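In mature numbering (1 follows the signal peptide of the UniProt record, and there is no 0), the protein residues as written are -26 to -1, 1 to 533. For each residue, glycine too, the CB sits at the ideal point set by N, CA and C. For clarity, every value in this text was computed on a predicted model and none was experimentally measured. Contents: one structure, followed by commentary.
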Amino acid sequence: MLFNKSKSLLLLCGMVVLLCGMYVAGEKYHLMFNPNHSADKRNGFRDLNAYTMVKETKMTIMVGEPMAQVHYEETINKTGWATLSLSTNSDRSDEEQAFAAGFVEGYVTGELFQNYWIGFKQYTFDTSQNKQLDAFLDGNFRFMKRKIAEAKNSTNPEERTYWYHVSLILDQVEGMYAGYLKVMSEKGTLPVLSLADLFKFQLDGDIDDLSNMWSPPSFETMSKFDLESYAIFKTKCSAFVKYSKDRRNLFLTHATWDTFQNMLRVYKHYRINFKNVPAKLVSFSSAPGWLVSVDDFYITSAGLVITETSNNIFNLTLYQKTTPETLLYWIRNIVANRLATSAKEWTDIFAKYNSGTYNNQWIVLDTKRFVPGATRSDPELLYILEQIPGDCKVASVSHFLDTSYWASYNIPYFPYIYNISGYPSQYKKFGDFWSYENCPRAKIFRRDAPYVGDLEGVKRLIRKNDYQSDPFSDGDACHQIAARCDLNPPNKRSQAFGAIDAKVTDIQMAKTNTAVAQSGPTHDQQPVFTWNSQWDKVNIHTDQPVSFGFDWVEMTPQV
């Protein structure tokens, strides 16, 4: 573990001050840092493998206003989460703030995300595709650099703003890498990640579609069991939106489905005070080293709550639209989160430069459009976007809340997206598992959602797994809202995979970027998950707790 207790870090006027006195044996460290992070000339992604951060350090004592500060608590063994809150100085330039935000996070979490990366790269990337991945990212990096340069002279203010924020994201990654190098140097530890690796670390959402593009699965030869297993292990999440019983509150909840190897969790609050940005504060569930959630679950200070569940692409010809001259999901997501002021605007921004990677149903709630006790929802309250390579479909689904709820469970809602993605052929061959209306989770939500009307009920629903007695599960622990595939017998897709967390927010909590969250596989109706010899043989889980019997935790920004 990096820290047993919490630490705070301040970046002062281009300098670093690590303040440990409050928390760690009264020690204080005062360091100077020269953020000359653009000194090396580079154009393509491949250049980043050899990139060396230009920096100077010496002992000194600081005065002045902080450029950035971070409050970090590594309470993973206590709550299942580390928490990180950072804030930047609005008096500094946007470029300095972006770099500083990255630096302080890289400094306090660098050891943790280095350990995480070592396992992550082994189970995430197909080494036979390394050349294809590097070539794609090289072309993509050159595309971004070109568009950033062109946008500076554009007469279109929206384009100038859009690409300016893409540039700031790259600055933030560079800052994170500088902070990582700094802490590794202080620890006398050889850095494992290159800057290129840190960019690859952001690809957890995008990589499956890129991999399928280069090594297409043979869906037509898969059995019913194998195809269902593919869908379960390659798509992620359950989500749900519903009014309280008296309609004076509205809940949004999300459960991340993933390999249990990804249960090293950090809940983050980024207060980056860029000029002319609607959402200066974005809060989200995440992991060490990631600038995005990937779950995904976000609350922004512009009054938006954003989440998603992923869909499959069976029509592999669609990947012809996935080229390096698009923007990957993780970049588009950050830009939309920072710039959008409404649910519809978020979908408009996110749809730009669609890469066709991480093809999700996005759910965007505009809390500003909520009217307590209203019998009819504002049409601008709730939007969804469904993405495929080359296209996105968008609609308001606010009216569903007036009579029922909105649920999301890895099957496309729009007939166009459902059909062109290739779902009808799977439904024709293998039945209701591939049906939007009658797949297992659709039926569970339809049966149980009407009885949910308060926070405790929402928490129980998103953690529900009663596979032994639920007729809609057919005895399969994967076929529940909170999957526990580890509980299946070996001959029935037993894997350390399932719902690795749950998050809930409501109208009041969202006003302060607050949520409640629970880490680990559900244990409401099932045994607590514990790493043991059965799973240790095939799973890397460095720095994770041994056992995941954690309670719900309130997540609120600390700076």
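Around the C-beta of G523, are 16 or more other C-beta atoms found within 10 angstroms, so that it is buried, or is it exposed? In the sequence shown, residue 523 corresponds to position 549, counting from 1. Per the 10 Å Cβ criterion, exposed.
By DSSP, does S433 sit in helix, in strand, or in coil? Stepping through the sequence shown from its first residue, residue 433 is reached at position 459. First, the residue type needs correcting, since residue 433 is Lys and not Ser in the sequence shown. K433 sits in a helix when the DSSP states are folded into three classes.
Residue environment, I50, which counts as buried when at least 16 other CB atoms sit within 10 Å: Within the sequence shown, numbered from 1, the residue matching residue 50 stands at position 76. Looking at its Cβ environment, which holds 16 or more other Cβ atoms inside 10 Å, I50 is buried.
So for L(-8), helix, strand or coil by DSSP? Residue -8 sits at position 19 when you count from the first residue of the sequence shown. Residue placement at L(-8) is poorly supported in this model, since its pLDDT is 36, which falls under 50; the coordinates still yield a value, given next. Three-state result, L(-8): strand.
Close beta carbons around E354, own chain, < 8 Å, minus the five adjacent residues each side: For the purposes of this step, residue 354 is taken as the residue at position 380 of the sequence shown. Cβ contact annotation for E354 (same chain, cutoff 8 Å, sequence separation greater than five): S316, A317, K318, D340, R343, S370, S372, in chain order.
Of the residues F324, N328, Y397, V240, which one's Cα is nearest the Cα of L60? Position 86 of the sequence shown, counting from 1, holds the residue named residue 60. Of the listed residues, the one whose Cα sits closest to L60 is V240.
Determine the direct distance from the alpha carbon of R458 to that of H228, and round the result to whole angstroms. Along the sequence shown, read from residue 1 onward, the residue named residue 228 stands at position 254. Along the sequence shown, read from residue 1 onward, the residue named residue 458 stands at position 484. Distance between the alpha carbons of H228 and R458 is about 16 Å.
Thinking K254 and S275 are a contact (beta carbons under 8 Å), I'd like their distance in whole angstroms, please. Within the sequence shown, numbered from 1, the residue matching residue 254 stands at position 280. Within the sequence shown, numbered from 1, the residue matching residue 275 stands at position 301. With a contact defined as Cβ atoms closer than 8 Å, K254 and S275 qualify at about 6 Å.
Which same chain residues, not among the five before or five after residue 559, have their C-beta less than 7 Å away from its C-beta? Because the chain here runs from -26 to 533, residue 559 falls outside it and cannot be looked at.
Quick check on the burial criterion: 16 or more other C-beta atoms within 10 angstroms. Buried or exposed for E299? Numbered from 1 along the sequence shown, position 325 holds the residue referred to as residue 299. The residue in question, E299, is exposed, as its Cβ has fewer than 16 Cβ neighbours within 10 Å.
Which parts of the stretch 35 to 66 are runs of the beta strand (DSSP E), unbroken and 3 residues or longer, counting only runs that do not cross its ends? Those beta strand (DSSP E) runs which fall completely within the stretch 35 to 66 and span 3+ residues are 40 to 49, 55 to 62.
Please give the ranges of any beta strand (DSSP E) in the stretch 476 to 515, keeping only runs that are unbroken, at least 3 residues long and fully inside the region. Scanning the stretch 476 to 515 from its first residue to its last, the whole beta strand (DSSP E) runs of 3-plus residues come out as 489 to 493.
Quick one: Cα of H139 to Cα of E124, how far? As a position in the sequence shown, residue 139 is number 165, starting the count at 1. As a position in the sequence shown, residue 124 is number 150, starting the count at 1. Cα-Cα distance, rounded: 14 Å.
If distances are taken between C-alpha atoms only, which option among V166, L58, N89 comes closest to E79? Locating residue 79 in the sequence shown gives position 105, counting from the first residue. Ranking V166, L58, N89 by Cα distance to E79 puts L58 first.
8 Å Cβ shell around S521 - same chain, five flanking residues per side excluded: In the sequence shown, residue 521 corresponds to position 547, counting from 1. For S521, same chain residues with a beta-carbon under 8 Å away, outside a window of 5 residues either side, are V502, F503, T504, W505 in chain order.
Among D200, Q71, N236, the one whose alpha carbon lies nearest that of F87: Within the sequence shown, the letter at position 113 stands for residue 87. Here the closest residue by C-alpha is N236.
Answer yes or no: do A261 and Y81 have a C-beta to C-beta separation smaller than 8 Å? Numbered from its first residue, the sequence shown carries residue 261 at position 287. Numbered from its first residue, the sequence shown carries residue 81 at position 107. With respect to the 8 Å criterion, A261 and Y81 are not classified as neighbours on the basis of their beta carbons.
Which same chain residues end up closer than 6 Å to A325 when comparing Cβ atoms and leaving out the 5 residues on each side of it in sequence? The residue given as residue 325 occupies position 351 in the sequence shown. Counting only Cβ-Cβ distances below 6 Å, and skipping sequence neighbours, we find C366.
Does the distance from the CB of D183 to the CB of N333 come in under 8 Å? Mapped onto the sequence shown, residue 183 falls at position 209. Mapped onto the sequence shown, residue 333 falls at position 359. Cβ atoms of D183 and N333: closer than 8 Å.
Mind checking who L359 pairs with in its DSSP beta bridge? For the purposes of this step, residue 359 is identified with residue 385 of the sequence shown, where counting begins at 1. The beta-bridge partner set that DSSP reports for L359 consists of W336, V368.
Cα separation between H11 and F173? Residue 11 sits at position 37 when you count from the first residue of the sequence shown. Residue 173 sits at position 199 when you count from the first residue of the sequence shown. Summary for H11: the model assigns pLDDT 43, below 50, so the residue's position carries little reliability; its value from the coordinates is reported in the next sentence. A straight-line Cα-Cα distance of about 16 Å links H11 and F173.
Tell me which residues share the same chain as G162 and place their Cβ nearer than 6 Å to its Cβ, disregarding the 5 neighbours each side in the sequence. As a first step, residue 162 must be located in the sequence shown, where it is residue number 188. In its chain, beyond the 5 residues on either side, no residue has a beta carbon closer than 6 Å to the beta carbon of G162.
Selection from P445, D270, Q146 that minimises the alpha carbon distance to D68: The residue given as residue 68 occupies position 94 in the sequence shown. Measuring C-alpha to C-alpha distances from D68 to each of P445, D270, Q146 identifies Q146 as the nearest.
Given 8 Å, three or more beta-carbon pairs between the stretch 376 to 388 and the stretch 213 to 224: The stretch 376 to 388 vs the stretch 213 to 224: in contact.
Taking all protein chains shown into account, do 16 or more other C-beta atoms lie within 10 angstroms of the C-beta of S329, making it buried, or fewer, making it exposed? As a working note, residue 329 is residue 355 in the sequence shown. Burial is judged here by how many other beta carbons sit within 10 angstroms of a residue's own beta carbon; S329 has at least 16 and is buried.
From K485 to F258, what does the alpha carbon distance come to, in whole angstroms? If you number the sequence shown from 1, residue 485 lands on position 511. If you number the sequence shown from 1, residue 258 lands on position 284. Cα to Cα, K485 sits roughly 14 Å from F258.
Determine the contact status of L313 and I323, defining contact as a CB-CB distance below 8 Å. For this step, residue 313 is matched to residue 339 along the sequence shown. For this step, residue 323 is matched to residue 349 along the sequence shown. Yes, the Cβ-Cβ distance between L313 and I323 is below 8 Å.
Range of the contiguous beta strand (DSSP E) that encloses D232: For the purposes of this step, residue 232 is identified with residue 258 of the sequence shown, where counting begins at 1. From DSSP, the beta strand (DSSP E) with D232 extends over 231 to 233.
Against chain D, does D480 count as a neighbour if the rule is that its beta carbon must be under 8 Å from one of theirs? Although the question refers to chain D, the structure presented lacks it and comprises just one protein chain.
Let me know the beta strand (DSSP E) ranges lying completely inside the stretch 191 to 247, each 3 residues or longer, listed in chain order. Within the stretch 191 to 247, the complete beta strand (DSSP E) runs of at least 3 residues fall at 212 to 217, 224 to 229, 231 to 233, 239 to 245.
Among Q454, F288, F225, Y383, which has the Cα closest to the Cα of P346? As a position in the sequence shown, residue 346 is number 372, starting the count at 1. Of Q454, F288, F225, Y383, the smallest CA-CA separation from P346 is found for F225.
Host alpha helix (DSSP H) of L111 (start-end): Here the question's residue 111 lines up with position 137 in the sequence shown. Here the alpha helix (DSSP H) through L111 covers 104 to 125.
DSSP state of T530 mapped onto helix, strand, coil: Along the sequence shown, read from residue 1 onward, the residue named residue 530 stands at position 556. Reduced to three states, the DSSP call for T530 is coil.
Alpha carbon to alpha carbon, how far is M483 from A74? Mapped onto the sequence shown, residue 483 falls at position 509. Mapped onto the sequence shown, residue 74 falls at position 100. In this model, M483 and A74 are separated by some 28 Å (Cα to Cα).
Where does the unbroken alpha helix (DSSP H) through Y401 begin, and where does it stop? Your numbering for residue 401 matches position 427 in the sequence shown. Element bounds for Y401: 397 to 404.
How many whole angstroms separate the CB atoms of S447 and Q454, which I take to be in contact at a CB cut-off of 8 Å? The sequence position of residue 447 within the sequence shown is 473, counting from 1. The sequence position of residue 454 within the sequence shown is 480, counting from 1. In this structure S447 is in contact with Q454, their Cβ atoms being roughly 6 Å apart against a cut-off of 8 Å.
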